[in-house]
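So the sequence lines, in the order shown, correspond to chains A and B. Note that this note's numbering has the first sequence beginning at 1, numbered continuously upward. Note that this note's numbering has the second sequence beginning at 1001, numbered continuously upward. Note that the Cβ used here is the ideal one computed from N, Cα and C, for glycine as well.
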Amino acid sequence: GPKVLQIPSHQIIDMGQMVTLNCDPVSNHLYFYWYKQILGQQMEFLVNFYNGKVMEKSKLFKDQFSVERPDGSYFTLKIQPTALEDSAVYFCASSPRLGGNQDTQYFGPGTRLLVL
Amino acid sequence: QQKVQQSPESLIVPEGGMASLNCTSSDRNVDYFWWYRQHSGKSPKMLMSIFSNGEKEEGRFTVHLNKASLHTSLHIRDSQPSDSALYLCAASMGYNQGKLIFGQGTKLSIKP
């Protein structure tokens, strides 16, 4: 089936540094998402993105977070600067049409981020 | 307050048995439910979705939805060891730009 790839699979970083998480969505998909899962808790929506713009973001999407997909390359989540509470698994998802009620979201395997 | 609650937290079923997983939303704006399966270290993969009252069957998997109570259940018959995984229930609302609201998951173990 359709595959979403995420790079790297694991990242360890010192608090205050910048980190970029990369997502390679399914090739013909137009809508992109980031979700965050803290250990032992449920996955939570961060942001979705379409046509170069953020459509919706949650309160977890702090000012230190940004997303972009320059020229059809990776869809990225950048955190600058990182904080201890940013330690989590970050899942990328994509869908051909708007997800939720209109279409299935396909998820990547996650990037495990540890901020020290 | 969690908007999507799943039960049980974990479940052990003998091989060949029936596994039944539950999910309820406390938000009356929810109108679509999704069931995802996630093997350890892998991507969550969509199993089934439902938005109409009643039931839907695909192979060994059956999903039920009661819209009045916003309760959905997933049933796996003839369970196999490969069904051992984390099962995630997610809900969505027609107006909210594709956001999925997830429950905390049910960890299913199938014992040979």
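The secondary-structure analysis by DSSP pairs A/ASP24 across a beta bridge with A/LEU5. Interface flag for B/VAL1063 against chain A is unset, since no Cβ pair is found closer than 9 Å.
Beta-bridge analysis with DSSP links A/ILE38 to no other residue. For A/GLN17, there is no enclosing beta strand (DSSP E), as DSSP gives it neither H nor E. In the DSSP assignment, B/ALA1091 is bridged to B/PHE1033, B/ILE1101. The Cβ atoms of B/TRP1035 and A/THR104 lie no closer than 9 Å to each other.
Residues of chain A whose Cβ lies closer than 9 Å to the Cβ of B/PHE1102 are, in chain order, TYR35, GLN37, GLN42, MET43, GLU44, PHE45. The count of Cβ pairs closer than 8 Å, one atom from the region 1097 to 1109 of chain B and one from the region 1045 to 1054 of chain B, stays below three, leaving the stretches out of contact.
Residue environment for B/LEU1074: buried (at least 16 other C-beta atoms within 10 angstroms of its C-beta). Between the beta-carbon of A/VAL19 and that of A/GLN11 there is about 6 Å, and that keeps the pair under the 8 Å contact cut.
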